[in-house]
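Worksheet: one structure, shown below.
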Amino acid sequence: MIISSCLLLFACKKDNKTERFKFLTGHVWTTESLLANGADASGPGGILEQFKGDAKFNEDGTGYFGIFTGTWRFNIDETELVIVTDTQLLPIITDIVELNALSLVVTTLYPNPIDQAHPINIRMTFKAK
Amino acid sequence: MRYLLIAILISLNTHLIGADAIRIVKGVVIDKRTHDILAGVYVIYGKNLGTVTDENGNFLIKTELDKLTITFQFIGYESLTKEIHIVSDSTIEIEIGMETKIREIDQVVVTANRSEQKVAELTVSMDIIKSAFLSDNHITDAQEIINKTPGIEVMDGQASIRGGSGFSYGAGSRVLALIDGLPMVSADAGNIKWQFLPLENLAQIEIIKGASSVLYGSAALNGIINFRTADATNIPDTRFFIETGIFDKPKNKDRVWWNTPRTFSNSSFSHLQKYGKNDIGISGNLMIDEGYRRFNGEKLARISLKLKHFNSKVEGLTYGINLNSGYTVKKDFVLWENADSGALKQDVSTASEFHGTFFTADPFISLRKTNHFRHDLRARLQSSLNRLPDNEQNNSDAISVYSEYQLWYKVFEFLDITSGVSENYSKVNSIFFGDHNSMNVAGFTQFEIRPLPRLKGVAGIRIENNSLDGINDKIIPVFRAGLNWQAADYTFLRASFGQGYRYPSIAEKFAATTLGSIKIIANPDIQSESGWSSEIGIKQGLSFGKMTGQADISIFYMRNSNLIEYMFGSYPAEGLGFKATNKEESRIYGSELEFLLSGSFGKISTSISGGYTFIYPVEVNPYTNENTDIYLKYRRKQSGNISLSTSWKKFNIGLNLYFKSKILNIDEVFLTTPILVGFNDYWAGHNTGYGLLDGSLCYRLNDKLNLSLAVKNITNTEYMGRPGDIQPQRNFSLRFSGKF
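Top line first, the protein sequences correspond to chains A and B.
Residue 1029 in the working numbering sits at position 77 of the first sequence, and the numbers go up by one each step.
Residue 1754 in the working numbering sits at position 684 of the second sequence, and the numbers go up by one each step.
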C-alpha cells in the first residue's frame, strides 16, 4: 500500500500553467519589430525575415514561429524561451525581456557568419493579436 | 549377584581402557573447486569442542571417542558435516573439500540498508562484483568493470544505471560512488575519481540500481556504487601482481599513428594482518599506460592504509583510520583530429597535461552489540588538487569534510531502526570554477519491519539542506519504501519505490572555459534535479543437477525531472557554447534479467553468469506530461553480457561476451557543426550495436603463484562511447600474481 501510494502520489501530473505560461499560450502573437544590431531585419533578405508574421505557442509545447514550426519551452524559472525547429541548426535561446497579456519581447545573440567574434544582437517584439 | 558384579566390573574396566585410548583425526581443508588451502576454518566436534585450521589448512583432533561428528564452517562456504569412526590408538587422515556458497542469495551486503543483510532479502536490485572477477580478467580500471556490468554504462567517466544518466562532459554524476560507505565524489566537478579507487584491496563492489537518496543523499539520484575494501582476518593475507600489456593495431590500419607498439604495465600489492587487537591493511598500485591514442597516456600511483583497533576493555568498541591517496599525470582525450587517420590522435588544441592529487583520511569509531545496537561515527577528509601546467586557469583545489553519525537499534525482534545525521562541507579554490564553499546537512531515519517471518518492509525518510556560498537552498524531503517476501525457500519477491535528487555541482554552475573549439558557459541559476524510481522483481534460487545458482528478474520504471544537460546553442548573453540547463524530463521503462550458475563435474569446475537489460528511455513533454517520440541522449535500448569461467587441474579459462545496442540519440551539435571533424559521416556508418569478447587463461604455478594471459576485445571490434571516443582495440596482457 505504501509503495502504491507513493507511485500514485508522484505519478500525478503537475500543473504547469503558471501566469507566464498562460500569457504566452493565450494568444496568437504577431511581430511588431525584428531587430538585428538595432536595425530592422525583417525585410527581404534580412536575417529575421522568416520570423515575420504570426507566432503561436501551443499549450502542448508545439507551435509555429513565422514560417517555422517546432517546439518551444521555458527554462526552469521561465526567464528564457527556447525554440527548436527542424530547419534551424541551433536551438533559439532567448531571454524574455517582457511577457504580459499584450506584449512579448525577447533578445538573444546569434552567430555572425562574417565576424564570429561579434555575434549579432537580436531583439524581437511581438504584440498579442 | 556375583556374576552381575563381575560383569559390571568388566564393563567398567573395558570402558576405562577404551577411554584412555587416544584417537587422532588429522586433516587438511581445501576449496573443492580451486584446491586452495583454507586457513581459519572452524572445525567443531562437540559442544564447546573445536579447533581452527592453521595457515596450511591443517587441523588435528585428539579424542577418546570412537565416533566423531565434525562440522566444518567457513565464511563464504557451505557448512559441511562428516561422521568419523576411529579405532582405538589410531590416527585417521582426511581431506575435506568445502564448496563455496554458490547461491548469491546468501551473500551479505551492507549498502542497501546501511546494515548487513542477505542480498536476497533486499527490496531493491543489487549487483555484487567480487574482487576475484577483477583479478581473473586483468581489470585494473574501475570504469571498465562497472561498464561491463549489465544495465550500466560508463561513458567517458560518467556512470549511468539503467539509462538514468546521459553524458554531460564529466560534470555532476548522478551515480554516487562510495568507498566503504562514505561518498567519494569531487567537491568541484561532482564527478567520480575512478583512478583513485583502491582496487588493490577490494572485497567486493555493491551496486544499487535505482534512486537511493534517502540513505545517501544528493548525487544518489540514479544509484550507488560502493567499493568495499577488505578487512584483515585471523590469517595474514598478502597479494601482489605485476602485469605488462600491449595494444594491437586497430582494424582500420590507417589509424595507426605509432612507430613502436603502445604498451601498458601495472603492479599492485596488498597485505592484511591482525596484530593482537589491531588490524592493519596496506596496499598500493603503480600504473603506466602509454595509451592507444596520441596524447592520451597516464601514469598513476595509489597507496592506502587501514588501521583498526579493537578496544580490550569495552566489548564491541572499535576505532581506527583509513587513508587513501593517489597521484596521476595524464592527458584526457577530448577531440580527435579527424574521423579517418586521425581518429586515434587527439587534436593538439585539446591535449592538456593534467596532474591530479587525491587524498582521503577516514577516522571512525564504532560501538556495537550484536543484534542489539550499533553506533557509528565516521568522517572523511578529502582533498583533490587539479593542476594543468599548460592551462593554469583550469587549476582547482577542492577540500571537503564529511562526517556522519548513525545509530542502528533493534527495537523489537520484528522492528529495526536506522537513524543518522550527516554534514558535508566543501571548499573550492579555482580560477576555473571560482572560489566557493558549500554546506550540506541531512538527517535520515529508516524503519525495517518484519511482521511475518518471511515478510520484510522498509520505509525511510531523509531531510536535506544545501547551501552554497552562504545562500540556503530549500529543504528537500525524500522518501523510500519497499517490501520483500520470501515466497518459498529460494524464492524472494520484492517491490520498491525510492526518490532521488541532486544538487548541481559547482562545475555545472560555474565552470567557464574554452577547450579547443568547445566553449563552456557558466549557469549559476541551474536548479536541482529530482526523480524517483520503482521496481518489482523476483530472485529465484536454481538447481539443475550439479549446477546451482540464482536468477533475478525485475521490471522497473523511472521518472526524472529537471535533469541537467549541457545544451549547445547561442545564448543571449554569452554567445555560442555549451551550458548546463535543466532541460530534460524523462521516463525510462525497462526490465532486467541476471543469472548465475556454477557447479563441479569431476575435476572440472565451471560457472556461467550473465545479464540482459532492456530500457525504453524517452523524453517527456513537460506541459502535457506525455511521452514524446524523442529518445533520451546517450542511451542504448539493450545491453547484456555472458561470462564463463572454467577450471581444470591447474588451468582456469574465462570468456566474457558483452554486447550493447546502438546509441539512440546524441547532441545535434556533433552532427551539425565541425566540432568533431568528420563525425557526421562516421556516425552514420558506425553507430551500430557491438559485441565484445574478452578471454583469459590462468596457469597455477603452485599453491601461491599464478601466471595468466588476458586478451581483451579479441575480435578487434571498433566501438565508441561518447562521440569521438573510440574505445581500445584488441590488447594483450600477461600477469604474474601471488597470494600468501
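Positions of the beta carbon are idealized from the N, C-alpha and C atoms, including for glycine.
Since the structure is predicted, the reported quantities are computational estimates derived from the model, not experimental observations.
Residue i to residue j span [Cα, whole Å]
{"i": "Ser1337(B)", "j": "Ala1371(B)", "result": "10 Å"}
{"i": "Ser1230(B)", "j": "Ile1294(B)", "result": "10 Å"}
{"i": "Thr1059(A)", "j": "Asp1047(A)", "result": "5 Å"}
{"i": "Ser1081(B)", "j": "Ala1091(B)", "result": "Summary for Ser1081(B): the model assigns pLDDT 47, below 50, so the residue's position carries little reliability, and this model does not support an answer."}
{"i": "Phe1810(B)", "j": "Lys1774(B)", "result": "6 Å"}
{"i": "Leu1042(A)", "j": "Phe1517(B)", "result": "50 Å"}
{"i": "Leu1038(B)", "j": "Glu1313(B)", "result": "Look at the range of chain B in this structure, 1071 to 1810, and you will see that residue 1038(B) is not part of it."}
{"i": "Ala1498(B)", "j": "Leu1779(B)", "result": "Sequence inspection shows Val at residue 1498(B); the Ala mentioned does not correspond to that position. Rounded to the nearest angstrom, the two C-alpha atoms are 44 Å apart."}
{"i": "Lys1649(B)", "j": "Gly1761(B)", "result": "34 Å"}
{"i": "His1085(B)", "j": "Asp1159(B)", "result": "Since pLDDT at His1085(B) reaches only 45, below the 50 mark, its modelled position is unreliable, and no value is offered."}
{"i": "Ala1643(B)", "j": "Phe1334(B)", "result": "46 Å"}
{"i": "Trp1406(B)", "j": "Ser1419(B)", "result": "10 Å"}
{"i": "Ile999(A)", "j": "Ala988(A)", "result": "8 Å"}
{"i": "Trp1753(B)", "j": "Ile1588(B)", "result": "19 Å"}
{"i": "Tyr1479(B)", "j": "Leu1447(B)", "result": "15 Å"}
{"i": "Tyr1062(A)", "j": "Arg1705(B)", "result": "30 Å"}
{"i": "Asp1197(B)", "j": "Leu1130(B)", "result": "40 Å"}
{"i": "Leu1612(B)", "j": "Leu1666(B)", "result": "9 Å"}
{"i": "Thr1210(B)", "j": "His1425(B)", "result": "20 Å"}
{"i": "Asn1735(B)", "j": "Val1688(B)", "result": "10 Å"}
{"i": "Glu1599(B)", "j": "Ala1290(B)", "result": "11 Å"}
{"i": "Lys1782(B)", "j": "Asn1322(B)", "result": "17 Å"}
{"i": "Leu1272(B)", "j": "Asp1250(B)", "result": "10 Å"}
{"i": "Leu1777(B)", "j": "Asn1722(B)", "result": "10 Å"}
{"i": "Asp1107(A)", "j": "Tyr1016(A)", "result": "No answer is possible for residue 1107(A): it lies beyond the span of chain A, which begins at 953 and ends at 1081."}
{"i": "Ile1162(B)", "j": "Lys1137(B)", "result": "12 Å"}
{"i": "Lys1004(A)", "j": "Asp992(A)", "result": "11 Å"}
{"i": "Gly1240(B)", "j": "Asn1126(B)", "result": "48 Å"}
Residue environment, residue i, which counts as buried when at least 16 other CB atoms sit within 10 Å
{"i": "His1208(B)", "result": "buried"}
{"i": "Glu1032(A)", "result": "buried"}
{"i": "Pro1523(B)", "result": "exposed"}
{"i": "Ala1257(B)", "result": "buried"}
{"i": "Tyr1147(B)", "result": "buried"}
{"i": "Asn1381(B)", "result": "exposed"}
{"i": "Asn1052(A)", "result": "exposed"}
{"i": "Gln1068(A)", "result": "exposed"}
{"i": "Phe1671(B)", "result": "exposed"}
{"i": "Phe1503(B)", "result": "buried"}
{"i": "Phe1614(B)", "result": "exposed"}
{"i": "Gly1552(B)", "result": "buried"}
{"i": "Gly997(A)", "result": "exposed"}
Partner residues on chain B for residue i, Cβ-Cβ distance less than 8 Å
{"i": "Asp1029(A)", "result": "Asp1595 and Gln1597"}
Listed by chain order, chain B residues near residue i by CB distance under 7 Å
{"i": "Thr1059(A)", "result": "Pro1642"}
Chain B residues whose Cβ lies nearer than 9 Å to that of residue i
{"i": "Pro1063(A)", "result": "Ser1640, Gly1645 and Leu1646"}
{"i": "Gly925(A)", "result": "Since the first and last residues shown for chain A are 953 and 1081, residue 925(A) lies out of range."}
{"i": "Pro1071(A)", "result": "Ser1640, Gly1645 and Leu1646"}
Under 8 Å from the C-beta of residue i: neighbouring residues of chain A
{"i": "Thr1716(B)", "result": "Simply none; closest approach about 42 Å."}
{"i": "Asn1632(B)", "result": "Ile1028"}
{"i": "Thr1314(B)", "result": "By Cβ distance, chain A contributes nothing, its closest Cβ being about 48 Å from Thr1314(B), past 8 Å."}
Contacts that residue i makes with chain A (C-beta to C-beta distance below 9 Å)
{"i": "Met1637(B)", "result": "Val1034, Pro1043 and Ile1045"}
Under 7 Å by beta carbon: chain A residues contacting residue i
{"i": "Thr1651(B)", "result": "Asn1027"}
{"i": "Thr1742(B)", "result": "Leu1041"}
Between the stretch 1300-1307 of chain B and the stretch 1109-1116 of chain B, can you find at least three pairs of beta-carbon atoms closer than 8 Å?
yes
Is it the case that the stretch 1316-1330 of chain B contacts the stretch 1338-1348 of chain B, given that we only count it when at least three CB pairs across the two stretches are under 8 Å?
no
Touch test, the stretch 1360-1377 of chain B against the stretch 1712-1719 of chain B, Cβ-Cβ under 8 Å, three pairs minimum
no
Beta strand (DSSP E) runs wholly inside the stretch 1186-1256 of chain B, at least 3 long, in chain order
1196-1200, 1222-1225, 1228-1231 and 1245-1249
Unbroken stretches of the beta strand (DSSP E), 3 residues or longer, contained in the stretch 1564-1594 of chain B:
1583-1585 and 1588-1591
Does the stretch 1475-1495 of chain B touch the stretch 1455-1466 of chain B, meaning 3 or more C-beta pairs lie closer than 8 Å?
no
Taking contact to mean 3 or more Cβ pairs, one atom from each stretch, closer than 8 Å, check whether the stretch 1241-1250 of chain B and the stretch 1726-1743 of chain B are in contact.
The stretch 1241-1250 of chain B, when compared against the stretch 1726-1743 of chain B, does not touch it at the 8 Å Cβ threshold.
Taking contact to mean at least 3 C-beta pairs separated by less than 8 Å, is the stretch 1625-1634 of chain B in contact with the stretch 1655-1668 of chain B?
Three or more Cβ pairs closer than 8 Å define a contact, and the stretch 1625-1634 of chain B meets that threshold against the stretch 1655-1668 of chain B.
Kindly confirm or deny that the stretch 1601-1620 of chain B and the stretch 1550-1568 of chain B touch, where touching means at least three C-beta pairs closer than 8 Å.
yes
What runs of the beta strand (DSSP E), each 3 residues or longer, lie entirely inside the stretch 1268-1311 of chain B?
Segments of the beta strand (DSSP E) lying fully in the stretch 1268-1311 of chain B: 1272-1279 and 1293-1299.
Give the list of continuous beta strand (DSSP E) stretches no shorter than 3 residues that lie fully inside the stretch 1454-1489 of chain B.
1466-1482
Any chance you could list the alpha helix (DSSP H) runs of at least 4 consecutive residues sitting entirely within the stretch 1090-1130 of chain B, in chain order?
none
Let me know the beta strand (DSSP E) ranges lying completely inside the stretch 1003-1053 of chain A, each 3 residues or longer, listed in chain order.
Fully contained in the stretch 1003-1053 of chain A are the following beta strand (DSSP E) runs of length 3 or more, in chain order: 1006-1009, 1014-1017, 1020-1026, 1032-1037 and 1044-1051.
Given 8 Å, three or more beta-carbon pairs between the stretch 1572-1581 of chain B and the stretch 1307-1321 of chain B
Flag = no, the stretch 1572-1581 of chain B and the stretch 1307-1321 of chain B do not touch.
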